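Student: Once you know that position 163 of the sequence shown is 163 in this note's numbering, the rest is easy, because the numbers rise by one and skip nothing. One structure is given below, represented as structure tokens, and several questions about it will come after.
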Amino acid sequence: MEKVAATQSYLFNTGAQYQSQQYLGCHWESATQVSFRVWAPHAQLVQVIGSFNDWQPIPLMLLPKTGIWVGAVASVQVGDLYKFQVTDAAGHVQAKIDPFARQFEKKPGDAGVVPDPTPMQWHDSLWLARRKKSRSANRPINIYEVHLGSWRRHSDGRYYTYKELSETLIPYVKKLGYTHIELMPVMEHLLDASWGYQQLGYFAPTSRFGTPLDFLKLVDQCHQANIGVIVDWVPGHFIRNYDALYQYDGTPTFEYQDPDRANNRRWGAWNFDLGKAQVQSFLISSALFWLTDCHLDGLRVDAVSNMLYLDYDEGRAGQRNQFGDNRNLEGIAFLKRLNTLIFEQHPDVLMIAEESSAYPQVTASVDQGGLGFNYKWNMGWMHDTLAFFQLDPWQRRDHFELLTFAFVYLYDEQFILPFSHDEVVHGKKSLMHKMPGDRYNQFANLRTMLTYMLAFPGKVLNFMGSEWGQFLEWRDWSQLEWVDLKDPLNHGMQQFTQTLNQVYRENRPLWELDHDPAGLIYTYTDDPASATMGFIRQAKRKYSFVVAAFNFMPIERRHYQIGVPYPGQYELLLNTEAQAFGGTWTKLETTFTAIEQPYHGQPASFEVTLPAMGALLIRPQRVEKRSR
Numbered sequence: 001m002e003k004v005a006a007t008q009s010y011l012f013n014t015g016a017q018y019q020s021q022q023y024l025g026c027h028w029e030s031a032t033q034v035s036f037r038v039w040a041p042h043a044q045l046v047q048v049i050g051s052f053n054d055w056q057p058i059p060l061m062l063l064p065k066t067g068i069w070v071g072a073v074a075s076v077q078v079g080d081l082y083k084f085q086v087t088d089a090a091g092h093v094q095a096k097i098d099p100f101a102r103q104f105e106k107k108p109g110d111a112g113v114v115p116d117p118t119p120m121q122w123h124d125s126l127w128l129a130r131r132k133k134s135r136s137a138n139r140p141i142n143i144y145e146v147h148l149g150s151w152r153r154h155s156d157g158r159y160y161t162y163k164e165l166s167e168t169l170i171p172y173v174k175k176l177g178y179t180h181i182e183l184m185p186v187m188e189h190l191l192d193a194s195w196g197y198q199q200l201g202y203f204a205p206t207s208r209f210g211t212p213l214d215f216l217k218l219v220d221q222c223h224q225a226n227i228g229v230i231v232d233w234v235p236g237h238f239i240r241n242y243d244a245l246y247q248y249d250g251t252p253t254f255e256y257q258d259p260d261r262a263n264n265r266r267w268g269a270w271n272f273d274l275g276k277a278q279v280q281s282f283l284i285s286s287a288l289f290w291l292t293d294c295h296l297d298g299l300r301v302d303a304v305s306n307m308l309y310l311d312y313d314e315g316r317a318g319q320r321n322q323f324g325d326n327r328n329l330e331g332i333a334f335l336k337r338l339n340t341l342i343f344e345q346h347p348d349v350l351m352i353a354e355e356s357s358a359y360p361q362v363t364a365s366v367d368q369g370g371l372g373f374n375y376k377w378n379m380g381w382m383h384d385t386l387a388f389f390q391l392d393p394w395q396r397r398d399h400f401e402l403l404t405f406a407f408v409y410l411y412d413e414q415f416i417l418p419f420s421h422d423e424v425v426h427g428k429k430s431l432m433h434k435m436p437g438d439r440y441n442q443f444a445n446l447r448t449m450l451t452y453m454l455a456f457p458g459k460v461l462n463f464m465g466s467e468w469g470q471f472l473e474w475r476d477w478s479q480l481e482w483v484d485l486k487d488p489l490n491h492g493m494q495q496f497t498q499t500l501n502q503v504y505r506e507n508r509p510l511w512e513l514d515h516d517p518a519g520l521i522y523t524y525t526d527d528p529a530s531a532t533m534g535f536i537r538q539a540k541r542k543y544s545f546v547v548a549a550f551n552f553m554p555i556e557r558r559h560y561q562i563g564v565p566y567p568g569q570y571e572l573l574l575n576t577e578a579q580a581f582g583g584t585w586t587k588l589e590t591t592f593t594a595i596e597q598p599y600h601g602q603p604a605s606f607e608v609t610l611p612a613m614g615a616l617l618i619r620p621q622r623v624e625k626r627s628r
């Protein structure tokens, strides 16, 4: 045992222990005895206190030269609460959380919970086998972003449990046709208003909705329904509370020694010292815990920019490293190491950077000088697209660069196109409410914008409520406005989203070559005078492609010519103005004949009626196969 303890402690202290939670924290040693281990290198004394002995302190022993305190306690039961009582070098005493706790009591308390040792019985082997065989770049990824505390609530305001969410959320996401659910942080946190980003427990699903086992069952049932699960994760900063990680042993332990670097003013948090070996062991262990033990399909890493730049936060202008620039060198090194280690163990997961700057090579491999993520949120595309669609349609001709600029840097990174929670809160209005015009035109614009998103190269993400055009912006303290679905326009919008998602999944050109220039053929993207746009999405198979045409003006375009690679018969996949979706078209043009008449660089073309403030998706049905 002493040899094991020495090895584990050495690995943790050198930043090479990537399963730290299996050693540190609370662990069962027998049917009635648990061990406690905690890292507090500068503490004078550490004691464990808990409900198992009326919160009377039990001293732990310091392992020499490790900074780790250990001890065992008998007569403990599953569900008992506990904390560590830390006495610092000056004699000050503070009750602290267990940084490695697998479960916490329900808010507002933050004591750790002695875990249930019952192992999870997984049923997702088929899902994991399929995931291992496919490359994310070449498969459909259409993400439904969810805040579990406000997706649905009971009439008395109570949260839905993980079990209730399994019974309601999974069928809903399956019906709407999304491929993945992205959960805003479910790691334990105290304040609802933080949305989970002020994290307390890096190894514990929040107890708001049930037990850790309940959470694992939710993930398992998602996988059985062929739905992937991504969770937001925050390795840059942690909750400000003094009984959490802050000054854990009376000195800067998890945070930077420099108080100015430790203090995150913008978010009211403390920044992790990403250059410290033990912090790296802690955070990398956390990431691998969620991906390995919880079978998650990916992590969306929050606030990457804050880890890349010394001067990203307020009040830090002018901070420079030893090379005279503003890069956070230890943050960059940490991210490279994190992604390298994760992809060594899980080459088939998603590591998504929420990174808002133009930092280069975020999704390039570490070997090529990149950060090693395999996806990055395309914040520039999101901001420009929303800015364009919020314009009065008659102004769009003068601002067409808001759409066309994204084509310039389209392949600089592997992108996810996000309409996330951040865009529908704090007075920004919901997606539907952002759209100009009366209620009919708002929905017409929203349908066109979502079609543009799914046709544009890149994987996609949409926040809950946007799928039916909720008018109110998101509120974290109450459920979505499900009553909206009684309105025919909202109901039609939901039907549209379901159809659009089905078209996306069933047509490989819309996702198979998202990150390959061969997957996009420019046909009509540079003529702002008409405020229309057209392009072709190409799959790996030569004759598999989808033609996308958009009209951003409230003027119907008759005899609108579209260039295509081959003459022959084409069929309609989607018309955003169909009456079933809330549009005005009662009769649709469903087939089109392309003749050998060159147009915009293509050898053949056909005419359509392009709906006002609408979009068409069209694919080949029977074309003349020839070499080009």
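Heads up, the beta-carbon is just placed ideally off N, CA and C, and yes, glycines get one too. Since this is a predicted model, take the numbers as computed values, not measurements.
What is the DSSP secondary structure of I130, counted as helix, strand or coil?
Tutor: By 1-based counting over the sequence shown, the position of residue 130 is 130. The displayed chain sequence assigns Arg, not Ile, to residue 130. If DSSP states are grouped into helix, strand and coil, R130 belongs with the helices.
Student: Give the straight-line distance between the Cα atoms of P517 and F535, rounded to the nearest whole angstrom.
Tutor: Residue numbering aside, residue 517 sits at position 517 when the sequence shown is read from its first letter. Residue numbering aside, residue 535 sits at position 535 when the sequence shown is read from its first letter. About 13 Å.
Student: For E481, which residues of its own chain have a beta-carbon under 8 Å away from its beta-carbon, when the five flanking residues on both sides are left out?
Tutor: Counting from 1 along the sequence shown, the entry for residue 481 is found at position 481. The beta carbon of E481 lies closer than 8 Å to those of G465, Q470, F471 and L472 in the same chain, with the five residues before and after it left out.
Student: Would you tell me roughly how many angstroms separate the C-alpha atoms of H189 and A578, rounded to the nearest one?
Tutor: Position 189 of the sequence shown holds residue 189. Position 578 of the sequence shown holds residue 578. Each residue's Cα considered, the two are about 44 Å apart.
Student: Find the nearest neighbour of V76 within the set I595, F36, G109 and A40, judged by alpha-carbon distance.
Tutor: For the purposes of this step, residue 76 is taken as residue 76 along the sequence shown, with counting starting at 1. Considering only alpha carbons, the answer is F36.
Student: Hey, would you say G67 sits closer than 8 Å to Q280, going by beta carbons?
Tutor: Position 67 of the sequence shown, counted from the first residue, corresponds to residue 67. Position 280 of the sequence shown, counted from the first residue, corresponds to residue 280. No, the pair does not count as a contact, with Cβ atoms beyond the cut-off.
Student: CA-CA distance, P59 and Q47?
Tutor: Here residue 59 corresponds to residue number 59 of the sequence shown, with the count starting at 1. Here residue 47 corresponds to residue number 47 of the sequence shown, with the count starting at 1. It is roughly 4 Å from the alpha-carbon of P59 to the alpha-carbon of Q47.
Student: If you run the structure through DSSP and keep just helix, strand and coil, what is M493?
Tutor: Here the question's residue 493 lines up with position 493 in the sequence shown. Note: M493 maps to helix in three-state DSSP.
Student: Please list the segments of the alpha helix (DSSP H) lying wholly inside the region 229-277, counting only runs of 4 or more residues, in order along the chain.
Tutor: 259-262
Student: When you compare the CB positions of L410 and A455, do they come within less than 8 Å of one another, or not?
Tutor: Locating residue 410 in the sequence shown gives position 410, counting from the first residue. Locating residue 455 in the sequence shown gives position 455, counting from the first residue. Against a cut-off of 8 Å, the Cβ pair of A455 and L410 comes out as no contact.
Student: From Y178, S51, Q257 and D258, pick the residue whose C-alpha is nearest to that of A74; which is it?
Tutor: What you label residue 74 is simply residue 74 of the sequence shown in a count that begins at 1. The residue with the shortest Cα to Cα distance from A74 is S51.
Student: Quick check on DSSP: helix, strand or coil for I97?
Tutor: One-based indexing of the sequence shown puts residue 97 at position 97. Under the three-state reduction of DSSP, I97 is assigned to coil, being neither helix nor strand.
Student: How would you write the range of the alpha helix (DSSP H) that L386 sits in, first residue to last?
Tutor: Translated into positions along the sequence shown, residue 386 becomes position 386. Taken as a continuous stretch (DSSP letters only), the alpha helix (DSSP H) holding L386 covers M379 to Q390.
Student: Would you decide whether L458 is buried or exposed? Buried here means 16 or more other CB atoms lie within 10 Å of its CB.
Tutor: Reading the sequence shown from its first residue, position 458 is the one you call residue 458. Strictly speaking, residue 458 in this sequence is Gly, with Leu absent from that position. Burial is judged here by how many other beta carbons sit within 10 angstroms of a residue's own beta carbon; G458 has at least 16 and is buried.
Student: The alpha helix (DSSP H) spanning C222 covers which residue range?
Tutor: Reading the sequence shown from its first residue, position 222 is the one you call residue 222. Note, C222: alpha helix (DSSP H), P212 to Q224.
Student: Applying the criterion that 16 or more other CB atoms from any shown protein chain within 10 Å of the CB defines a buried residue, is Y197 buried or exposed?
Tutor: Numbered from 1 along the sequence shown, position 197 holds the residue referred to as residue 197. Burial call: buried.
Student: What residue range is occupied by the uninterrupted beta strand (DSSP E) comprising T593?
Tutor: What you label residue 593 is simply residue 593 of the sequence shown in a count that begins at 1. Taken as a continuous stretch (DSSP letters only), the beta strand (DSSP E) holding T593 covers T591 to A594.
Student: Closest by CA to A43, which one among D348, M61 and W55?
Tutor: Position 43 of the sequence shown, counted from the start, is the residue given in the question as residue 43. When each option's Cα is compared against that of A43, the closest is M61.
Student: If we ignore side chains and look at the alpha-carbon of each, how far apart do Y160 and Y312 end up?
Tutor: Stepping through the sequence shown from its first residue, residue 160 is reached at position 160. Stepping through the sequence shown from its first residue, residue 312 is reached at position 312. Roughly 37 Å separates the two Cα atoms.
Student: Where in the region 416-494 do unbroken runs of the alpha helix (DSSP H), each at least 4 residues long, occur, reported from the N-terminal end onward?
Tutor: 431-434 and 439-455
Student: For E145, which three-state DSSP category applies?
Tutor: The count along the sequence shown starts at 1 and reaches residue 145 at position 145. Three-state DSSP puts E145 in a strand.
Student: Using the Cα positions of K619 and E571, report the straight-line distance between them to the nearest angstrom.
Tutor: Translated into the one-based positions of the sequence shown, residue 619 becomes position 619. Translated into the one-based positions of the sequence shown, residue 571 becomes position 571. It is Arg, not Lys, that sits at residue 619 in the sequence shown. Taking the straight line from one Cα to the other gives about 6 Å.
Student: Please classify K376: does DSSP put it in a helix, a strand, or coil?
Tutor: Translated into positions along the sequence shown, residue 376 becomes position 376. Here K376 sits in strand by DSSP.
Student: State the Cα-Cα distance for the pair F581 and L610, rounded to the nearest angstrom.
Tutor: For this step, residue 581 is matched to residue 581 along the sequence shown. For this step, residue 610 is matched to residue 610 along the sequence shown. Approximately 16 Å between the Cα atoms of the pair.
Student: Enumerate in chain order the residues of its own chain whose CB-to-CB distance from R153 is below 8 Å, with the five nearest sequence positions on each side excluded.
Tutor: Locating residue 153 in the sequence shown gives position 153, counting from the first residue. Cβ within range, chain order: Y159, Y160, S478 and Q479.
Student: Could you tell me if I595 is buried or exposed, where buried requires 16 or more neighbouring beta carbons within 10 angstroms of its beta carbon?
Tutor: On the sequence shown, residue 595 is found 595 positions in, with the first residue counted as 1. The residue in question, I595, is exposed, as its Cβ has fewer than 16 Cβ neighbours within 10 Å.
Student: In terms of alpha-carbon separation, which member of E556, A31 and A317 lies closest to N326?
Tutor: Taking the sequence shown and counting its residues from 1, one reaches residue 326 at position 326. Among E556, A31 and A317, the Cα nearest to that of N326 belongs to A317.
Student: Between the C-alpha atoms of E624 and A604, what's the straight-line distance to the nearest angstrom?
Tutor: One-based indexing of the sequence shown puts residue 624 at position 624. One-based indexing of the sequence shown puts residue 604 at position 604. Going from the Cα of E624 to the Cα of A604 covers about 11 Å.
Student: Please list, in chain order, all residues of the same chain as H600 whose beta carbon is under 7 Å from its beta carbon, the five residues on each side excluded.
Tutor: Counted from its first residue, the sequence shown places residue 600 at position 600. Within the same chain, H600 has close Cβ partners T523, Y524 and G563.
Student: Counting only the same chain and skipping the five closest in sequence on each side, list residues whose C-beta sits under 8 Å from that of T7.
Tutor: In the sequence shown, counting from the first residue as 1, residue 7 sits at position 7. Excluding positions up to five away in sequence, the list is empty.
Student: Do three or more CB pairs link the region 290-297 to the region 252-268 at distances below 8 Å?
Tutor: no
Student: DSSP state of G331, grouped into three classes?
Tutor: The count along the sequence shown starts at 1 and reaches residue 331 at position 331. Here G331 sits in helix by DSSP.
Student: Can you tell which of V113, S30 and N142 has its C-alpha closest to the C-alpha of I416?
Tutor: Locating residue 416 in the sequence shown gives position 416, counting from the first residue. The shortest Cα separation from I416 among V113, S30 and N142 belongs to N142.
Student: Go ahead and pull the three-state DSSP assignment for E105.
Tutor: As a working note, residue 105 is residue 105 in the sequence shown. Of the three classes helix, strand and coil, the one that applies to E105 here is coil, per DSSP.
Student: Report back the beta-carbon spacing between D124 and V234 to the nearest angstrom; my notes put them in contact at under 8 Å.
Tutor: In the sequence shown, counting from the first residue as 1, residue 124 sits at position 124. In the sequence shown, counting from the first residue as 1, residue 234 sits at position 234. 26 Å between Cβ atoms; not a contact.
Student: Would N374 pass as a contact of S136 if the rule is Cβ separation under 8 Å?
Tutor: Indexing the sequence shown from 1 puts residue 374 at position 374. Indexing the sequence shown from 1 puts residue 136 at position 136. Pairing N374 with S136 gives a Cβ-Cβ distance under 8 Å.
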